[in-house]
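Worksheet: the structure to be examined is printed underneath.
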Amino acid sequence: MELMNRKEVPDQLTWDLSALYASEEDMYADAARAQRLCQKLEEKYRGHLDSPEQINACLDGLRELQACVGLVCEYAELSVSVDYNDAHNQERSDRISLIRSEISSRLSFIDSEILSQDTSILQAAIEGTSENRGYLESLLRQKPHRLHPEAERALAALSPVFGAPYQIYHMAKLADMRFPSFVADGREYPLGYSLFEDDYEYEPDTQVRHSAFEAFSGKLREYANVTAAAYQTNLLTEKAMATLRGFDSVFDYLLFDQRVDAALYHRQIDLIMEKLAPHMRKYARLLQKIHGLDRMTFADLKLSVDPDYDPRVTIEESRRYIEEGLSILGSDYQEMIREAYRDRWVDFAKNQGKSTGGFCASPYGSHSYILLNWNERMSDVFTLAHELGHAGHFKACNQAQSIFDTDVSTYFVEAPSTMNELLMAHYLLKTNPDRRFRRWVLSSMIGHTYYHNFVTHLLEAAYQREVYRIIDAGGSVQAETLSGIMRNTLEKFWGDAVEILPGAELTWMRQPHYYMGLYSYTYSAGLTVATQVCARIEALGQPAVEDWKKVLAAGSTATPAELARMAGVDITTDAALLDTIERIGQMIDEICRLTEELG
């Protein structure tokens, strides 16, 4: 179980970045091209954005520049994400970050000069374009919160500094932390971040699982203060920006770009904390009964309902599951899946210094790249289907929209990904009528898809909301404060069904989402939409699929509420969320019933 160094990983388990650039030299050549494009835009348009024609001509050039910068930055950042121990990759990423911030600073005049024009000129510019319309309309929306042009230029130049807390977090987590081995039942076991999160949390042996949790928590605790300091810096930066830009609260500032109001945000957290908690407590008690545990603890929540029925799945076998499971989305979608495997879009490897979890990067002008840590579990198949949901989403909108119209609201962005997990599960349910198989699929949905998005990330969001309330009130947070908030959040949700062990309060240290604004709650928001759309597809078939494809291609040309409405879902009331919670409860009830029947 010892993790390999990155250089020891076979190529077939890694992604192939040559679709972005054949070599580092080619990447730097494109970086130089971006700098030349920047200089050209600055020389030609600075002080001359006084007509609709000039505005649109400038933005046409800006689209080309943004596409170029996007590819360069992804190449640098993807290289770092698979090995935070590689100093060369870090140096290159830092260098590209400086180039990007310089370009952003030099071109900050574009937005400032456009907004200084009369409204009639801006309206004429909007009417004279389709590719730049979204950019200009977004700019008008931002106008009340824009600062003096020189202030905007300074803030753009400081963007690498503002991103430092996120970088410090990852360096502490993935480069500096060295976990000691631990002993259980007289046997020594290796330990690491991904080993714990991908293996030991699911380990059926209670002593191994609990010993791993204790050792893992002990190492986290050693880094609690530095991690809290990085997070506090990020929070103070967000609060300062909210104040500078004239927002009433940091919540309003962070929700502004999501294009949703605070009511949707608070509803998502409040209803799930209240209405879902009883169902999940019932599920926890079922796990305790199945595994014969004297006490149900936080370290036991990732246990499988039927660990002996959790098949090992090779990478090649996963291809068949995913192709067939997502076939309802059409032949083009299946071909994208085949390309992803054939052309090495996916980094499956487990190695030292690699990011934990998974993500999908979808640069404009190229295909997506997906990071995973493959463990040969069916849960990995669902995770890959999830990330391919992002890939399919951005393939559709990148092909259909201007680069300016591909920045999809985070409120909606997790809907296509979680949708794929649900489609996979519904496909599996149709393939086998066996009761034990059905229980396994349903428990995979509860224990992976819904637990991950409606519990793990939702509890992060509930914790995060309390943190922001402190910051909004002029307070500050330290490691002890953050751990206290997390413990209170966990205790409130799980009640007396789960014992919150020492170390569980350090869960706030384990996710990068806290450095991404109000992102954590959007997983449950996206899955709410996905649950409703999946039910619609089950009921209506192909017409609902076609509606969904139109939504995927729409990009950011519509708000989250409008995108949901296009897919046949109303998120302006609590009906969709309450129905989703009820469906989760029904699945848990069926799992309990099947368990009784199976003895």
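Reading the sequence shown from the start, the letters are residues 500 to 1098 in the working numbering.
For every residue, glycine included, the Cβ atom is placed at its ideal position computed from N, Cα and C.
Under the three-state DSSP convention, the category residue i falls into
i     : result
N631  : coil
F911  : helix
M526  : helix
L690  : coil
L870  : strand
M670  : helix
A683  : strand
D617  : coil
F847  : coil
T796  : strand
E702  : coil
A860  : strand
R811  : strand
R720  : helix
R876  : strand
E998  : strand
M503  : strand
F661  : helix
R677  : coil
H956  : helix
L519  : coil
H951  : helix
G829  : coil
M1015 : coil
G888  : helix
Nearest residue (CA-CA) to residue i, options the options
i     : options                     : result
M923  : T513, T882 and D1078        : T882
Y731  : P806, L558 and V966         : Before going on, a small fix: residue 731 reads as Gln here, not Tyr. Ranking P806, L558 and V966 by Cα distance to Q731 puts V966 first.
R1035 : M918, A727, E913 and L1000  : M918
F746  : P643, A776 and I667         : P643
M795  : F893, C537, N874 and W993   : W993
F695  : G1016, F712 and M1015       : F712
G1084 : I771, R964, P915 and E721   : I771
S580  : N931, H669 and E700         : H669
A683  : R677, V1068, L989 and E702  : E702
L1145 : S1055, G888, I827 and E1089 : Residue numbering for the chain in the displayed model covers 500 to 1098; residue 1145 lies beyond these limits and cannot be assessed.
N555  : T628, E823 and A663         : T628
A586  : R968, H866, P679 and R505   : R505
N451  : A1024, A723 and A714        : Outside the displayed span of the chain (500 to 1098) sits residue 451, for which this structure offers no information.
P659  : L743, R819, S592 and A783   : S592
A674  : G569, D582 and I821         : D582
A723  : E979, Q963, D769 and C1091  : E979
P1001 : A890, A714, L1017 and D559  : A714
L614  : S550, I667 and S578         : S550
Beta-carbon contacts of residue i that lie in its chain and below 6 Å, excluding the five residues immediately before and after
i     : result
T1027 : A1075, L1076 and T1079
Y520  : M526 and Y574
S607  : E651, R652 and A655
E501  : P689
Q1008 : Inspection of the sequence shows that residue 1008 is occupied by Met rather than by Gln. The residues are L719 and T726.
A741  : V749 and Y752
K738  : V749 and I970
Y1184 : Because the chain in this structure spans residues 500 to 1098, residue 1184 falls outside the shown range and cannot be described.
Neighbourhood of residue i by C-beta distance below 8 Å, restricted to the same chain and skipping five residues each side
i     : result
W939  : V804, D805, Y808 and D809
L871  : V845, D846, F847, G857, D879, T882, L883 and E886
T1058 : R758, V759 and S908
E507  : N850
R545  : F608 and E612
Same chain only: Cβ atoms within 7 Å of residue i, ignoring 5 sequence neighbours per side
i     : result
E959  : Q1010, H1012 and S1019
I595  : A530, V571, C572 and A575
T855  : Y692, S693, E696 and N872
T1030 : L921, T1079 and R1082
Burial state of residue i, where buried means 16 or more other Cβ atoms lie within 10 Å
i     : result
R843  : buried
Q757  : buried
A528  : exposed
L1097 : exposed
H547  : exposed
L597  : exposed
I913  : Reading off the sequence shown, one finds Glu at residue 913, where the question assumed Ile. Flag for E913 reads buried.
N588  : buried
L743  : exposed
E1004 : buried
L1062 : buried
K929  : exposed
D1136 : No statement about residue 1136 is possible, as the shown extent of the chain runs from 500 to 1098 and does not include it.
A761  : exposed
Heavy atom of the ligand FMN within 6 Å of residue i beta-carbon
i     : result
A1052 : In the structure on display, the ligand FMN does not appear, and there are no ligands present to speak of.
- Query: Can at least three beta-carbon pairs, one atom from the segment 942-950 and one from the segment 970-984, be found at a separation below 8 Å?
  - Reply: Touching, no.
- On the three-pair Cβ rule with 8 Å, is the segment 627-636 touching the segment 891-909? yes
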